[in-house]
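Report on the following structure.
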Amino acid sequence: MSQQVRGVIARNKGEAVEVTTIVVPDPGPGEAVVKVQACGVCHTDLHYREGGINDEFPFLLGHEAAGVVESVGAGVTEVAPGDFVILNWRAVCGQCRACRRGRPQYCFATHNAKQKMTLLDGTELSPALGIGAFAEKTLVAAGQCTKVDPAASPAAAGLLGCGVMAGLGAAINTGGVTRGDSVAVIGCGGVGNAAVLGAKLAGAAKIIAVDLDPRKLERAKGLGATHTVNASGGTDVVEAVRALTDGHGADVVVEAVGRPETYRQAFYARDLAGTVVLVGVPTPEMTLELPLLDVFGRGGALKSSWYGDCLPSRDFPMLIDLYLQGRLDLDAFVTETITLDEVEQAFATMRDGDVLRSVVVF
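When the letters of the sequence shown are read in order and numbered with my numbering, they come out as residues 3 to 364.
Structure representation (structure tokens):
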């Protein structure tokens with residue numbers, strides 16, 4: 003029997019979000035209903051509200067979430083009622099060409115729940131990233147539920163569902179940061195600071211945080227940055243990074259802004275044969291121009307990181323274990339906890355740069 007819960011929707015492009023009643027159907031084959039305990043306010047949710055993802059309004063927002071499985075549909079074996087889970091938007095299919103080649107972290111056919119959650123009048127909702135967790139309960143594909151240790155704080159654990167995993171994975175999985183490396187991170191919001199934390203976890207010897215905002219640079223220092231570069235006031239970021247790396251440039255540069263000018267900085271701030279990782283999300287109209295001879299002559303690798311190249315079933319339990327051991331400070335990303343009714347204000351706070359994450363706690 004379907005349930006009615008409170009949830010946050012974006013009804014029309016650019017309009018303030020609203021809290022309304024959501025109808026959640028019983029789980030069908032391969033699906034699960036999850037009682038959401040916490041959900042982070044991610045910039046991607048704002049992109050949805052602004053029409054920057056697609057125009058399939060109305061959207062049920064929220065996707066960085068953790069909670070408890072309430073019920074499952076036929077054929078579900080991955081999780082059971084009562085399991086504490088982190089929701090993910092990479093429910094791998096196991097059958098596409100990436101999965102068959104043993105690379106499920108690049109699955110090309112990830113899936114979501116087949117049924118739709120709706121408004122009371124039957125209007126179908128588009129759940130953000132196939133999750134829609136700014137709601138007391140949500141319907142997802144069972145493969146979107148990753149079981150982890152229930153001792154973890156839901157507010158902290160849920161952030162692995164998107165932004166923190168994206169940054170950690172950009173450094174560790176995509177960038178391949180290892181012991182002794184020098185790493186520069188350009189853009190120190192939630193994702194960038196997670197890349198700083200990932201570089202520290204991987205054993206990088208030098209971690210250089212780059213941003214325009216001194217508040218973000220201070221947070222980066224607290225998460226493991228050994229040096230900071232304030233890019234305001236005409237600072238030459240490339241020269242600053244080179245000066246901190248014996249004139250060579252960093253082994254790995256993570257670009258967490260998603261703009262052509264910061265990508266160029268990343269490209270030239272890396273050492274010869276170094277790696278650039280783009281994890282910042284550009285807008286559709288952005289283009290990039292680089293001298294092809296420089297691309298050839300500098301060698302190395304230019305990579306893009308989508309969801310930190312993570313495999314949730316592998317990475318989430320491991321990272322939660324590190325968190326519970328005190329080796330991964332996920333709590334540092336929870337700047338404030340809020341209610342469903344405060345999501346619109348959280349978007350404004352996020353724009354002002356005052357938080358790493360506001361987290362809705364139920």
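Cβ coordinates follow ideal geometry from the N, Cα and C atoms, glycine included.
All values reported here derive from a predicted model rather than from experimental measurement.
For residue i, the three-state DSSP class (helix, strand or coil)
{"i": "Pro319", "result": "helix"}
{"i": "His49", "result": "helix"}
{"i": "Val187", "result": "strand"}
{"i": "Asn232", "result": "strand"}
{"i": "Leu219", "result": "helix"}
{"i": "Asp333", "result": "helix"}
{"i": "Val344", "result": "Residue identity differs from the one stated: residue 344 is Glu in this sequence, not Val. Glu344: helix per DSSP, three-state reduction."}
{"i": "Ala172", "result": "helix"}
{"i": "Phe110", "result": "coil"}
{"i": "Val212", "result": "strand"}
Those residues which DSSP pairs with residue i across a bridge
{"i": "Pro156", "result": "In the DSSP output, where bridge partners are listed per residue, Pro156 has none listed."}
{"i": "Glu66", "result": "Gly42"}
{"i": "Glu126", "result": "Thr120"}
{"i": "Thr23", "result": "Arg8"}
{"i": "Ser360", "result": "Glu338"}
{"i": "Arg2", "result": "The displayed coordinates of the chain run from 3 to 364. Any statement about residue 2 would go beyond what the structure contains."}
{"i": "Cys147", "result": "Leu89"}
{"i": "Leu280", "result": "Glu257, Ser306"}
Residue i versus residue j: straight-line alpha-carbon distance, rounded
{"i": "Ile133", "j": "Gly69", "result": "12 Å"}
{"i": "Lys305", "j": "Thr176", "result": "7 Å"}
{"i": "Leu62", "j": "Asp333", "result": "26 Å"}
{"i": "His45", "j": "Leu358", "result": "11 Å"}
{"i": "Pro60", "j": "Leu280", "result": "30 Å"}
{"i": "Ala172", "j": "Arg316", "result": "16 Å"}
{"i": "Gly9", "j": "Ala135", "result": "8 Å"}
Contact set for residue i: own chain, Cβ-Cβ below 7 Å, skip 5 residues either direction
{"i": "Gln267", "result": "Ile188, Val239, Val240"}
{"i": "Gln117", "result": "Pro27, Gly30, Glu33, Leu141"}
{"i": "Thr120", "result": "Val25, Glu126, Leu127"}
{"i": "Leu290", "result": "Pro262, Tyr265"}
Of the listed residues the options, nearest to residue i (C-alpha basis)
{"i": "Val283", "options": "Thr339, Pro29, Gly32, Leu48", "result": "Leu48"}
{"i": "Gly64", "options": "Lys139, Arg329, Thr180", "result": "Lys139"}
{"i": "Ala252", "options": "Tyr50, Gly236, Ala242, Ala271", "result": "Ala271"}
{"i": "Ala111", "options": "Cys41, Val74, Leu203, Ala93", "result": "Ala93"}
{"i": "Leu295", "options": "Val36, Phe269, Arg13", "result": "Phe269"}
{"i": "Val71", "options": "Phe86, Ala158, Glu17, Leu214", "result": "Phe86"}
{"i": "Leu324", "options": "Gly236, Asp343, Leu199", "result": "Leu199"}
{"i": "Gly191", "options": "Lys202, Leu214, Ile209, Arg181", "result": "Leu214"}
Residues near residue i by beta carbon distance below 6 Å, same chain, minus five either side
{"i": "Phe349", "result": "Leu48"}
{"i": "Gly260", "result": "Gly282, Val283, Pro284"}
{"i": "Thr264", "result": "Ile188, Glu257"}
{"i": "Gly302", "result": "Ala275, Gly276, Thr277"}
Proximal residues to residue i (C-beta, below 8 Å), its chain only, five neighbours per side dropped
{"i": "Ile340", "result": "Val43, Gln347, Ala348, Ser360, Val361, Val362, Val363"}
{"i": "Gly16", "result": "Arg51, Glu52, Gly53"}
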